[in-house]
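**Student:** Right, I'll just put the structure down here and ask away after.
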Amino acid sequence: MIKYILWDIDATLLDFDLAEDNSIRYCFDYFDLGFCSADKLLAYKKINDKYWKALERREIDKKQVLIGRFVEFFNKYGYDASIAEDFNEKYQKSLAKFSEFNPFAEEIVAYFHGKYRQFGATNGTKIAQVGKLKKSGLDKSLEKVFISEELGVEKPAKEFFDYIFSYIGDYNKNSYVIIGDSLTSDIQGGVNAAIKTIWFNPKNHQNTLNLRTDYVIKSLKDLKEIL
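Take 78 as the starting number for the sequence shown in my numbering and just add one per residue.
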């Protein structure tokens, strides 16, 4: 019987693409880099994804992700890569300014209030997540948000979830479910932790990793029929 919901934050409860696009363009203006085109945004996203997946595999650390992605991106387009650290800091802080809920996210969290204990489980940076949680009100509607930067380990590592089990004080794996959009982070993490998984897949991506998913949903409102 499910007692605890572990919510991924970015791209599950919150519209990360919107916040990311607006924040990158805001920082381009701030650092006087000109207009960031859709092609450049797409190139950045590919570079960023590569770095985060390397972090999930424990090949690099968080700082190498945050700075390295911008260094590579700036070098690709001939920008001054020496501003990468300052650009990243401004970017992290600006993400909260542009954060918005995904469709039905705010409603479903409210609907489950009192029915389940709800927590956040995120690999996002502390500075970005604290701002986004406060702006969205998730800091109050979720009992606690487990941020990898504070735990010292990232999803999908089993140790990330072991910390959660220890904090909650319930080691019955059948009591937990993780809901997230990322196969490599959320779903792989759930598999590693031996808990139930719900893959939020609004864009109908293929499960190329053939990971176990207990449910796949396209809309968060579908959770009412599952839980």
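Beta carbons: idealized from backbone N, C-alpha and C, even for Gly.
Since Ile241 is in the alpha helix (DSSP H), which residue starts that stretch and which ends it?
**Tutor:** Residue numbering aside, residue 241 sits at position 164 when the sequence shown is read from its first letter. Lys235 to Ile245 is the span of the alpha helix (DSSP H), which, as asked, contains Ile241.
**Student:** Keeping to the same chain, check which residues put their C-beta closer than 6 Å to that of Asp263; ignore five residues upstream and five downstream.
**Tutor:** Your numbering for residue 263 matches position 186 in the sequence shown. Counting only Cβ-Cβ distances below 6 Å, and skipping sequence neighbours, we find Asp85, Ile255 and Gly257.
**Student:** Would you check if there are 3 or more beta carbon pairs closer than 8 Å linking the stretch 97-111 to the stretch 268-286?
**Tutor:** They do not touch, by the three-pair rule.
**Student:** Identify whether Asp138 lies in helix, strand or coil by the three-state DSSP scheme.
**Tutor:** Sequence index remark: in the sequence shown, residue 138 carries index 61 (1-based). Coil.
**Student:** Below 8 Å on the Cβ atoms is my contact criterion, and I expect Thr202 with Leu143 to pass it. Report the Cβ-Cβ distance as a whole number of Å.
**Tutor:** Residue numbering aside, residue 202 sits at position 125 when the sequence shown is read from its first letter. Residue numbering aside, residue 143 sits at position 66 when the sequence shown is read from its first letter. Confirmed, about 7 Å.
**Student:** Should the stretch 232-251 be called in touch with the stretch 105-124, which here means at least 3 C-beta pairs below 8 Å?
**Tutor:** Contact between the stretch 232-251 and the stretch 105-124 is absent, because fewer than three Cβ pairs lie under 8 Å.
**Student:** For Asp109, which three-state DSSP category applies?
**Tutor:** What you label residue 109 is simply residue 32 of the sequence shown in a count that begins at 1. The answer is coil: DSSP assigns Asp109 none of H, G, I, E or B.
**Student:** Mapping DSSP to helix, strand and coil, what is Phe181?
**Tutor:** The count along the sequence shown starts at 1 and reaches residue 181 at position 104. Note: Phe181 maps to coil in three-state DSSP.
**Student:** Using alpha carbons as the reference points, say which of Lys298, Leu172 and Asn249 lies closest to Tyr81.
**Tutor:** For the purposes of this step, residue 81 is taken as the residue at position 4 of the sequence shown. Cα-wise, what sits closest to Tyr81 is Asn249.
**Student:** Measure how close the beta-carbons of Ala182 and Leu297 come, nearest whole angstrom, since I'm counting them as under 8 Å.
**Tutor:** One-based indexing of the sequence shown puts residue 182 at position 105. One-based indexing of the sequence shown puts residue 297 at position 220. About 5 Å; that satisfies the 8 Å criterion.
**Student:** Looking at the structure shown, is Ala88 part of a helix, part of a strand, or coil, going by DSSP?
**Tutor:** Here residue 88 refers to the residue found at position 11 of the sequence shown. Here Ala88 sits in coil by DSSP.
**Student:** Work out the CA separation of His190 and Lys123 for me, nearest whole Å.
**Tutor:** Taking the sequence shown and counting its residues from 1, the one referred to as residue 123 is at position 46. Taking the sequence shown and counting its residues from 1, the one referred to as residue 190 is at position 113. Cα-Cα distance, rounded: 36 Å.
**Student:** Which residue or residues does DSSP assign as beta-bridge partners of Leu83?
**Tutor:** The count along the sequence shown starts at 1 and reaches residue 83 at position 6. Paired residue(s): Phe196 and Ile255.
**Student:** Which residue marks the beginning of the alpha helix (DSSP H) containing Phe164, and which one marks its end?
**Tutor:** By one-based count along the sequence shown, residue 164 stands at place 87. Per DSSP, Phe164 belongs to the alpha helix (DSSP H) from Ala161 to Leu172.
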